[in-house]
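Take a look at the structure below.
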Amino acid sequence: MTRTTTGTGTGTGTGTGTGTGTGRRPAQLRDLYEDPATPVASGPDRSRRQAAILARALGTEPQTVLDVGCGDGSAAATAAETLSRHRMVGVDWSQDALRRASSHLTAVRGELTDPGLPFASGVADAVLFSEVIEHLVDPDAALDELRRVLRPGGHLLLSTPNLAAWYNRGLILAGVQPVFSEVSLRGIHGRPGSQVVGHLRLYTARALRSLLPASGFDVVRITGAPYHDVPRPLRPLDRLACHAPSLASILLVHARRR
4 MTRTTTGTGT
14 GTGTGTGTGT
24 GTGRRPAQLR
34 DLYEDPATPV
44 ASGPDRSRRQ
54 AAILARALGT
64 EPQTVLDVGC
74 GDGSAAATAA
84 ETLSRHRMVG
94 VDWSQDALRR
104 ASSHLTAVRG
114 ELTDPGLPFA
124 SGVADAVLFS
134 EVIEHLVDPD
144 AALDELRRVL
154 RPGGHLLLST
164 PNLAAWYNRG
174 LILAGVQPVF
184 SEVSLRGIHG
194 RPGSQVVGHL
204 RLYTARALRS
214 LLPASGFDVV
224 RITGAPYHDV
234 PRPLRPLDRL
244 ACHAPSLASI
254 LLVHARRR
């Protein structure tokens, strides 16, 4: 998928430098996220879907949106077409990503672990957290930090690959490592694909419906989005699966801070 680093936003995708849960990250992960060859965008479809959900939630009054894990800013640029009324600020850990993102939006360096995001508590009306959580060692600490910067009732738009995507169910039955999962940072083993992006955790819709309330968020709705790397002949089926989020390639979660 994509890679961001602090972890967000409209997203790119993966992530992060937010991540080890200790404020420090192994050199191998650090090098992966700073490598310009590591993908930092997962296609415009998911960005447009997220932006549409957020636009409906925010209404017409200008609001502050943090794109945590903004990556190269391309997802924010796509989302801006729908969120033009609102002020969007990108956050990432990777200096390379921030350099590229700065041409699309205001972008600042930050981490989800110590010392945390460079914002006061309750400053944001919404947070975009796109394909970042799957890159984190400590997702609980990351969600705590997102909750801190959101105002009460603020919106969290989270996206992440679906472990239980329709094709992964078949692959597991056949004894094949599921798509999106990685057993090594040096290469792909046992599954389709060739690109290492640093996925450490994978989620199902059921898991997110339990995890987010445990972190102080109420889940409003979970929807699905297609995955840009699905082979072309299978893309109509992948789009059809979006109507049943538990089968979709990508999970889009709208939640609100308690």
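Using the numbering used here, you'd call the opening residue of the sequence shown number 4 and step up by one each time.
Note that beta-carbon positions come from the ideal geometry of N, C-alpha and C, so glycine has one too.
A quick note: this is a predicted structure, and the numbers were derived from the prediction, not measured.
DSSP places ASP95 inside the beta strand (DSSP E), whose first and last residues are 90 to 95. Between GLY219 and LEU255 a beta carbon distance of about 20 Å is seen, past the 8 Å cut, so the two are scored as non-contacting.
Less than 8 Å separates the beta-carbon of LEU159 from that of VAL130. Of the other Cβ atoms in all chains shown, 16 or more fall within 10 Å of the Cβ of ARG260; this residue is therefore buried.
Just so you know, the alpha carbons of SER184 and LEU205 end up roughly 7 Å apart. Sequence-distant Cβ neighbours of GLY125 in its own chain, meaning closer than 6 Å and more than five residues away, are ARG154. In the DSSP assignment, LEU161 forms a beta bridge with PHE132 and VAL256.
The region 128 to 143 and the region 100 to 113 do not touch, with fewer than 3 CB-CB distances between them shorter than 8 Å. Nearest in C-alpha terms to LEU57, of all of ASP241, VAL111, ASP75 and ALA83, is ALA83. Collapsing the DSSP output to three states places VAL223 in a strand. The three-state secondary structure of VAL71, taken from DSSP, is strand. Per DSSP, the beta bridge partners of ARG112 are ASP95. The residues PRO181, in chain order, have a CB closer than 6 Å to that of LEU174 in the same chain once the five nearest residues on each side in sequence are set aside. Each residue's CA atom was taken as its position, placing ILE225 and GLY190 some 32 Å apart. Going by C-alpha positions, VAL223 is about 5 Å away from HIS257. It is roughly 23 Å from the alpha-carbon of ASP221 to the alpha-carbon of PRO65.
DSSP places ARG151 within a helical segment (H, G or I) once states are collapsed to three. Apart from the 5 residues on each side of it in sequence, ASP241 sits with its Cβ closer than 7 Å to the Cβ of PRO229, TYR230, VAL233 and SER252 in its chain, given in chain order. Ranked by how close their Cα comes to the Cα of THR63, the residues SER197, LEU214, LEU250 and LEU86 have LEU86 in first place.
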